[in-house]
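Number of protein chains: 2
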Amino acid sequence: MPLPATEAPGRLQAALASRGLRLTRQRRTILGVVENAKQHLDASQILRHAKKLDPEIDRVTVYRTLKLLKRHGLVDELDLMHMQGEKHFYERRPQRDHIHMACLRCGKIMEFESDLFDRLKGQIQRDCRFHIVVSRLEVGGYCADCRTNPSE
Amino acid sequence: MPLPATEAPGRLQAALASRGLRLTRQRRTILGVVENAKQHLDASQILRHAKKLDPEIDRVTVYRTLKLLKRHGLVDELDLMHMQGEKHFYERRPQRDHIHMACLRCGKIMEFESDLFDRLKGQIQRDCRFHIVVSRLEVGGYCADCRTNPSE
DNA sequence: CTGTTAATGAAACTGTGTTGCAACAGGATA
DNA sequence: TATCCTGTTGCAACACAGTTTCATTAACAG
Ligand SMILES: [Zn+2]
Ligand SMILES: [Zn+2]
Ligand SMILES: [Zn+2]
Ligand SMILES: [Zn+2]
Numbered sequence: 593m594p595l596p597a598t599e600a601p602g603r604l605q606a607a608l609a610s611r612g613l614r615l616t617r618q619r620r621t622i623l624g625v626v627e628n629a630k631q632h633l634d635a636s637q638i639l640r641h642a643k644k645l646d647p648e649i650d651r652v653t654v655y656r657t658l659k660l661l662k663r664h665g666l667v668d669e670l671d672l673m674h675m676q677g678e679k680h681f682y683e684r685r686p687q688r689d690h691i692h693m694a695c696l697r698c699g700k701i702m703e704f705e706s707d708l709f710d711r712l713k714g715q716i717q718r719d720c721r722f723h724i725v726v727s728r729l730e731v732g733g734y735c736a737d738c739r740t741n742p743s744e
Numbered sequence: 593m594p595l596p597a598t599e600a601p602g603r604l605q606a607a608l609a610s611r612g613l614r615l616t617r618q619r620r621t622i623l624g625v626v627e628n629a630k631q632h633l634d635a636s637q638i639l640r641h642a643k644k645l646d647p648e649i650d651r652v653t654v655y656r657t658l659k660l661l662k663r664h665g666l667v668d669e670l671d672l673m674h675m676q677g678e679k680h681f682y683e684r685r686p687q688r689d690h691i692h693m694a695c696l697r698c699g700k701i702m703e704f705e706s707d708l709f710d711r712l713k714g715q716i717q718r719d720c721r722f723h724i725v726v727s728r729l730e731v732g733g734y735c736a737d738c739r740t741n742p743s744e
C-alpha cells in the first residue's frame, strides 16, 4: 500500500520534458505504468503492464527507460530484501524518503516515514561531510499480523 | 601454492559448527575468505580468492555457502548502490549494524555507525509492531574528497 | 571403521539486464 | 505542412549472476 496516494498525473512526463528529453509513445506508456502502479513493480511486470497498453513495446525499451529515470533521480530502485529472487523494483521518487519493511513470512511490503530517518541523513551529511544524493533503508523481519498469528 | 586450510578458526566457523552444520574443507576456505576480507567482496571475487587456497572449489559451492550464511544471519548482503553492475557484496554481520556510503564519483565505500540509526530501528519496531531481523541502509552521494577536489 | 546422509562438482539451465545496428520517429525549423 | 537531424526503438545476439539436477564424495556419529 503506497503511502500518500496523492496523484500528480504526468509528473514524470513533465520532468522528462523539462529536461529536454524526447517524449516518445513508448516512454509515455512506461511512465504511466510506473506512475499509476498500486504496488512496487519489477521490470518484467512493468513490461507486461505496458504491453497491454501498447503491444509493440519491447523489454529493451523498458530497461532503457528505467535506467534513464534512475539516472535523472525520478525513480528509485529497490531490492525489497531480495525476497523474490534477484528482481529489482521501481517506484517514483517520493517527495519524502520512506523506509521499506518486508515481512519474511507473508511477503507484505510496508512503508514508513520518520523524522528520525530524516535526522539520521542530516547527521551523515554533517558528520561524514558526505553529500547524499540517494538513500535506501530496507528492513526484513516479521509484521504485526505474523507475530500475533504465527499459526495460520 | 595451496595453503593449509588450517586458518585461524574464526567466528563464522564456530557459529556454523554450533548449529550442527558440516564443516567441509570448502566451507572452511570460503568462510576464511569472507572473514579475512579487507573490503567488500562479491561472489566471483570470493571464488577467485578461494581458488587460490583450494583450486578445486567450484563457484556453485560459493553460491551455496553464501546462501547458507545469509539464511543463518551470519553474513549480510549489500548492493553498494549497484555502482558496479548488479553484483552483490558480502560481509560478516557485525555486532552493531553500520551504514554504507558509496561515493558516486570515486567509488569509495565508507561505513558509519550511529546511535540515531539504532534509535530509528527501535522506533520502527515499536511504532510498526515489526520485529526487525535484518536491516540495510545504503546511501549514494559525494564524499568529502570529491566535494573539495571536483577537478582531479 | 563403517554407514548414513549432507555436501560437492559438473553441466545444463533460468532469468535479468546489455550491446550493436538498421530502421524509425520526435520535434525543431522553415 | 514538409524536411532534416538526431535521439530512440526493436530485434537478435550477447553477457553474466545465480540455480537446478544428479551422480559422486566425504563429514562425522556410532
Ligand atoms: Zn507478515
Ligand atoms: Zn515504496
Ligand atoms: Zn540488488
Ligand atoms: Zn569520492
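Residue numbers (our numbering), protein chains in the order written: chain A, 593 to 744; chain B, 593 to 744. Every residue gets a Cβ at the ideal spot worked out from N, C-alpha and C, and that includes glycine.
Supposed close pair residue i, residue j - CB separation, criterion 8 Å
i: Ala642/B; j: Thr616/B; result: The Cβ separation is near 12 Å, so there is no contact.
i: Glu730/B; j: Asp671/B; result: 6 Å
Beta-carbon proximity of residue i to residue j, cut-off 9 Å
i: Leu639/B; j: Arg651/B; result: yes
i: Thr653/B; j: Gln618/B; result: yes
i: Ile691/A; j: Glu669/A; result: no
i: Val722/A; j: Met675/B; result: First, the amino acid is wrong: residue 722/A is Phe here, not Val. Not closer than 9 Å, so no.
i: Leu608/B; j: Val625/B; result: no
i: Gln637/B; j: Leu623/B; result: no
i: Leu660/A; j: Leu712/B; result: no
i: His680/A; j: Glu648/B; result: no
Nearest residue (CA-CA) to residue i, options the options
i: Lys662/A; options: Leu661/B, Met673/B, Glu648/B; result: Met673/B
i: Asp710/A; options: Arg721/A, Ala694/A, Arg728/A, Met693/A; result: Arg728/A
i: Gly699/A; options: Gly733/A, Cys720/A, Asp719/A, Leu712/A; result: Gly733/A
i: Cys735/B; options: Cys720/A, Arg739/A, Thr740/A; result: Cys720/A
i: Ala629/A; options: Leu708/A, Val667/A, Ile716/A; result: Val667/A
i: Cys738/B; options: Lys679/B, Arg697/B, Met693/B, Asp689/B; result: Arg697/B
i: Gly714/B; options: Arg614/B, Asp689/B, His632/B; result: Asp689/B
i: His632/A; options: Pro742/A, Ser610/A, Met693/A; result: Met693/A
i: Cys695/A; options: Leu658/A, Arg614/A, Pro742/A; result: Pro742/A
Contacts around residue i, its chain only, beta-carbon distance under 8 Å, and the 5 residues preceding and following it disregarded
i: Arg603/A; result: Glu627, Arg684
i: Gly665/A; result: Arg685, Val725, Val726
i: Pro596/B; result: The predicted model places Pro596/B with a pLDDT of 37, which falls under 50 and marks its position as unreliable; any figure quoted below should be read in that light. For Pro596/B, where only same-chain residues beyond five positions count, there are no Cβ hits under 8 Å.
i: Thr740/A; result: none
Contact set for residue i: own chain, Cβ-Cβ below 7 Å, skip 5 residues either direction
i: Arg611/B; result: His664
i: Gln717/A; result: His723, Ile724
Ligand 5 heavy atom lying under 8 Å from the CB of residue i
i: His674/A; result: As far as ligands go, the structure on display features ligand 1, ligand 2, ligand 3 and ligand 4 and does not contain ligand 5.
6 Å CB neighbourhood of residue i in its chain, flanking five on each side removed
i: Arg614/B; result: none
| task | For ligand 3, enumerate in chain order all residues having a CB closer than 5 Å to any of its heavy atoms. | result | Asp671/A, Asp671/B
| said: I need the residues with a C-beta less than 7 Å from some heavy atom of ligand 1; please give them in chain order. | reply: Cys695/A, Arg697/A, Cys698/A, Lys700/A, Tyr734/A, Cys735/A, Asp737/A, Cys738/A
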